[in-house]
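Peer 1: Residue numbers (full-length UniProt numbering): 1 to 595.
Here a beta-carbon is modelled for each residue, glycine too, at the ideal position from N, C-alpha and C.
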Amino acid sequence: MLWRSVVGKLWLTILLLVLAVLIILTMLLTQFFETFHDNQAKDQLEKMADRLVVILESDENSVEAVRNTKEMAEVYSMSVMMIDSEKQPVLEASGESEISLNVFLTEEQLKEVPELKTKRFVKDEFPFVEDNRAENHTMIIYGEPYRDRSGGTGAVYVYQSIENIAKTTDHAKKLIFIAAGIAIILTTVFAFFLSSRITAPLRKMREAAMLVAKGEFDAKVPILTHDEIGELGMTFNRMGRQLKNYIQALNQEKEQLSGVLSSMADGVITFDRKMNILVTNPPADRFLQACYYETGMAENDKMSLPESVMLQFNQVVTLEREQLIEVTLQGRSWVVVMTPLYNQSMIRGAVAVLRDMTEERRMDKLRKDFVANVSHELKTPIAMLQGYSEAIVDDIAESEEEKKELAGIILDESRRMSRLVNELLDLARLESGQMKLYRSWINVPEYAARVLRKFHGPAKERNIQLQLETQIDNVQNELYADADRLEQVLTNLIDNAIRHTTEGGSVMLKADITDSAVKMDVMDTGSGISDEDLPFVFERFYKGDKARTRGKSGGTGLGLAIAKNIIEAHDGIITVHSKISEGTTFSFVLPRNVE
Numbered sequence: 001m002l003w004r005s006v007v008g009k010l011w012l013t014i015l016l017l018v019l020a021v022l023i024i025l026t027m028l029l030t031q032f033f034e035t036f037h038d039n040q041a042k043d044q045l046e047k048m049a050d051r052l053v054v055i056l057e058s059d060e061n062s063v064e065a066v067r068n069t070k071e072m073a074e075v076y077s078m079s080v081m082m083i084d085s086e087k088q089p090v091l092e093a094s095g096e097s098e099i100s101l102n103v104f105l106t107e108e109q110l111k112e113v114p115e116l117k118t119k120r121f122v123k124d125e126f127p128f129v130e131d132n133r134a135e136n137h138t139m140i141i142y143g144e145p146y147r148d149r150s151g152g153t154g155a156v157y158v159y160q161s162i163e164n165i166a167k168t169t170d171h172a173k174k175l176i177f178i179a180a181g182i183a184i185i186l187t188t189v190f191a192f193f194l195s196s197r198i199t200a201p202l203r204k205m206r207e208a209a210m211l212v213a214k215g216e217f218d219a220k221v222p223i224l225t226h227d228e229i230g231e232l233g234m235t236f237n238r239m240g241r242q243l244k245n246y247i248q249a250l251n252q253e254k255e256q257l258s259g260v261l262s263s264m265a266d267g268v269i270t271f272d273r274k275m276n277i278l279v280t281n282p283p284a285d286r287f288l289q290a291c292y293y294e295t296g297m298a299e300n301d302k303m304s305l306p307e308s309v310m311l312q313f314n315q316v317v318t319l320e321r322e323q324l325i326e327v328t329l330q331g332r333s334w335v336v337v338m339t340p341l342y343n344q345s346m347i348r349g350a351v352a353v354l355r356d357m358t359e360e361r362r363m364d365k366l367r368k369d370f371v372a373n374v375s376h377e378l379k380t381p382i383a384m385l386q387g388y389s390e391a392i393v394d395d396i397a398e399s400e401e402e403k404k405e406l407a408g409i410i411l412d413e414s415r416r417m418s419r420l421v422n423e424l425l426d427l428a429r430l431e432s433g434q435m436k437l438y439r440s441w442i443n444v445p446e447y448a449a450r451v452l453r454k455f456h457g458p459a460k461e462r463n464i465q466l467q468l469e470t471q472i473d474n475v476q477n478e479l480y481a482d483a484d485r486l487e488q489v490l491t492n493l494i495d496n497a498i499r500h501t502t503e504g505g506s507v508m509l510k511a512d513i514t515d516s517a518v519k520m521d522v523m524d525t526g527s528g529i530s531d532e533d534l535p536f537v538f539e540r541f542y543k544g545d546k547a548r549t550r551g552k553s554g555g556t557g558l559g560l561a562i563a564k565n566i567i568e569a570h571d572g573i574i575t576v577h578s579k580i581s582e583g584t585t586f587s588f589v590l591p592r593n594v595e
């Protein structure tokens, strides 16, 4: 709409202002002309009456005085009426108007003037009928008394119709109205042109501002003038450039902050004062997903956070101090360090740094378990070594056979301790990545058959059947790997299978060779592994036998951990599947493209 734009408002304001001024000026001029003409006519009548009175009072010849009066009235286009001291008309309707005052004034009004001591004006409208036509005449009548030669008091009435005055006034009004109309038209055109020219740069500036609001900071305002509007345009362009620089700086800061947050190993969560989540990074997202899963709440719901975290936030906001807690969530341990965020002098929220301490806690547990397990594993052989050595030293064993038997036991326990230490060293080197693999090309079927032949004796003693199955999918049957380490893995798996399989059972080694990988399975029909023990079989010193008994089926508990590390060193994976009383299957897959 026109009145909603700057052009319309400015144009309408100028137009209304000029219109108001013209209306007031027209009214004042009209009133002035009306008053001016009336006053001028009154002054002329008064002067004429004074002159006529002087003539009448000074001229000794009354007839000549009357004639002079009549001539003077005709000269000045006025009408004169005279009455003598007897109140009889001496001169009637002489001059411009032939209308007698009797038409306008009553006899009493005509007789009033000679009795007055002061001059008097009478102005009014008086209707009269002339030639059967009704007309309205507005007359200005002036009456003034005079004294004749006989000492009587007469009156001179000078009167004039104001129709001419009205015509003059109407003509002046017409000219005023025409001038006002022309002024309004010119003002309208000028105001519209001026407002359009003034607001044209503003419209350009509005278009540029809309482009800037949409993110186009290169938008420029054309500088057409060098006045205040031109300076405003230059300032706007300068503001656009600075705003672009600020936005680019903010985007760079945001990208840097986002990169820092994304690359952090610790999670970061920013809360506002109402504990609404504002900013997170990937590790924090994992923490929140665990919270959502555990509580069953919708995402971004602050009620899904653990109660301890909510209590920690309240303490941070209330006490304005850093708080630290540890939270266990979905089997993982998180340390939460929360610090208040300030907006000048007020707290506007808090930032929480989350560190996943699961591995650290697991390593602490492994370290403690390692010390306990090593102590346990070494305690028995050391005690046996000490006991049997004391028996030999104290000559408890008297015969040579007894001494040899005790010495044999000491040798076995020494070998057990040596094997335990060597396995610990191998495991440490594997886990630290310091063990070097000596790779070579291995013929998988021949290699598997050779390894399996080593166990024919133990298997025959326990009446266990050994089987070998090889599947080759029309490809080469070679694998690039460390033969000694791979044999260590197979030896451990086959030995465990034989030791945990009852008499009459069977153990199978299956090799499946494809284009991309080699898969080997060691399957037995033994006692199996319980579901609660299955996730931990590859941990160090873990044994399904809680009594930790030794004997023919006993071991150090490090073989499977070493096997897992050897397979992973070859970029492979190892898994286990088992059912109680149905048997166990250990499987590992090695890629053939390992170099």
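Look at the alpha carbon of Gln160 and the alpha carbon of Glu34, and state the distance between them as a whole number of angstroms.
Peer 2: Each residue's Cα considered, the two are about 16 Å apart.
Peer 1: Evaluate contact between the stretch 495-509 and the stretch 532-540, counting only Cβ atoms and requiring at least three cross-stretch pairs below 8 Å.
Peer 2: Judged by Cβ distances under 8 Å, the stretch 495-509 makes no contact with the stretch 532-540, as fewer than three pairs qualify.
Peer 1: Look at the Cβ atom of Gly349, then the Cβ atom of Asp272, and state whether they are nearer than 8 Å.
Peer 2: Yes, the pair counts as a contact, with Cβ atoms nearer than the cut-off.
Peer 1: Touch check for the stretch 409-425 and the stretch 455-465: three-plus C-beta pairs under 8 Å?
Peer 2: At 8 Å Cβ cutoff, the stretches do not touch.
Peer 1: My guess is that Glu322 and Met346 are in contact by the Cβ rule of under 8 Å, so how many angstroms apart are they, rounded?
Peer 2: With 8 Å as the limit, Glu322 and Met346 do not qualify as a contact, their Cβ atoms being about 18 Å apart.
Peer 1: Taking the CB atoms as reference points, tell me whether Tyr292 and Ser308 lie closer together than 8 Å.
Peer 2: Cβ distance not < 8 Å, so Tyr292 and Ser308 don't count as in contact.
Peer 1: In the structure shown, what three-state DSSP assignment does Asn276 receive?
Peer 2: Note: Asn276 maps to coil in three-state DSSP.
Peer 1: Go ahead and pull the three-state DSSP assignment for Asp285.
Peer 2: Note: Asp285 maps to helix in three-state DSSP.
Peer 1: For Ala219, which residues in the same chain have their Cβ closer than 7 Å to its Cβ, ignoring the five residues on either side in sequence?
Peer 2: So the list reads Ala208, Leu211, Val212 and Gly240, once near-sequence residues are dropped.
Peer 1: With 16 other CB atoms within 10 Å as the buried threshold, where does Glu231 fall?
Peer 2: Classification for Glu231: exposed.
Peer 1: Quick check on the DSSP output: the beta strand (DSSP E) that includes Met523 runs from which residue to which?
Peer 2: Ala517 to Asp524 is the span of the beta strand (DSSP E), which, as asked, contains Met523.
Peer 1: Could you tell me whether the Cβ atoms of Val507 and Leu479 are closer together than 8 Å?
Peer 2: No.
Peer 1: What is the DSSP secondary structure of His171, counted as helix, strand or coil?
Peer 2: Reduced to three states, the DSSP call for His171 is helix.
Peer 1: Would you mind working out which of His456, Met205, Leu558 and Arg238 sits nearest Leu224, comparing C-alpha positions?
Peer 2: The residue with the shortest Cα to Cα distance from Leu224 is Met205.
Peer 1: Is Pro201 helix, strand or coil when you go by DSSP?
Peer 2: Helix, per DSSP.
Peer 1: Quick check: the Cα distance between Lys365 and His570, rounded to an integer number of angstroms?
Peer 2: Lys365 and His570: Cα-Cα distance of roughly 27 Å.
Peer 1: Look up Asp533 in the DSSP assignment and say whether it is helix, strand or coil.
Peer 2: DSSP places Asp533 in coil when its eight states are reduced to three.
Peer 1: Just the C-alpha distance for Ile529 and Val317, rounded to the nearest angstrom, thanks.
Peer 2: Cα to Cα, Ile529 sits roughly 52 Å from Val317.
Peer 1: Over what stretch of residues does the alpha helix (DSSP H) that includes Gly583 continue unbroken?
Peer 2: Unbroken run through Gly583 is the beta strand (DSSP E), Gly583 to Pro591; no alpha helix (DSSP H).
Peer 1: Can we count Leu437 as close to the ligand COA, meaning its CB is less than 7 Å from some heavy atom?
Peer 2: As for the ligand COA, it is missing from this structure, which has no ligand bound.
Peer 1: Check this for me: beta carbons of Gly583 and Gly504, under 8 Å apart or not?
Peer 2: Cβ distance not < 8 Å, so Gly583 and Gly504 don't count as in contact.
Peer 1: Considering only the alpha carbon of each residue, which of Asp356, Gln312, Met363 and Glu359 lies closest to Pro340?
Peer 2: It is Gln312 whose Cα lies nearest to the Cα of Pro340.
Peer 1: Would you please state the rounded distance, in angstroms, between the beta carbons of Thr26 and Phe177? I believe it to be under 8 Å.
Peer 2: About 7 Å separates the two Cβ atoms, so the contact holds.
Peer 1: Which class does Trp11 belong to by DSSP, given the choice of helix, strand or coil?
Peer 2: Helix, per DSSP.
Peer 1: Nearest by alpha-carbon distance to Thr270: which of Val260, Ser263 and Asn281 is it?
Peer 2: The residue with the shortest Cα to Cα distance from Thr270 is Asn281.
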